[in-house]
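Engineer:
Residue numbers (this note's numbering): 919 to 1035.
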């Protein structure tokens, strides 16, 4: 299974600038995924891969659904410039979407590859 890096995705939206409310909203939702993920750590206090998967199945679907809804809303407005940083960020995330969702189908995958980099 190919696992994407949520930090790279998030960086694309951060690069849109703090003045872009759409990008800022998506960054906040990605941060919420990280906040939930950091509530527990496998191997600490007996936390298991199985428990992590159950935890992910509780918190991730709603947040991922909200991200997808926001992406849809932005694109449906019709004011997104084709060469804008926001369009580039959205396209990048859309291209990675299935792999992003797949992260949360496992208990032992990382949200990013920062540990490797």
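The C-beta atom is built at its ideal place from N, Cα and C for all residues, glycine as well.
Because the structure is a prediction, the values reported are computed rather than measured.
Measuring alpha carbon to alpha carbon, tell me which residue in 1030, 1025, 1029 is nearest residue 961.
Structural biologist: 1025
Engineer: The alpha helix (DSSP H) spanning residue 989 covers which residue range?
Structural biologist: 967-995
Engineer: Which same chain residues end up closer than 7 angstroms to residue 985 when comparing Cβ atoms and leaving out the 5 residues on each side of it in sequence?
Structural biologist: Only 944, 947 meet the Cβ criterion.
Engineer: With DSSP collapsed to three states, give me the class of residue 952.
Structural biologist: helix
Engineer: Give the secondary structure of residue 1028 by DSSP, where H, G and I count as helix, E and B as strand, and everything else as coil.
Structural biologist: Coil at residue 1028, not helix or strand.
Engineer: Spatial neighbours of residue 1015 within its chain, please: C-beta separation below 8 angstroms, excluding the five flanking residues on both sides.
Structural biologist: 986
Engineer: Quick one: residues in its chain with C-beta nearer than 8 angstroms to the C-beta of residue 958, no 5 flanking neighbours on either side, listed in chain order?
Structural biologist: Within the same chain, residue 958 has close Cβ partners 965, 969, 970, 973.
Engineer: Let's test the definition: count the other Cβ atoms within 10 Å of the Cβ of residue 1011 and tell me whether it reaches 16, buried, or not, exposed.
Structural biologist: buried
Engineer: Rounding to the nearest angstrom, what Cα-Cα distance links residue 1008 and residue 920 in this structure?
Structural biologist: 20 angstroms
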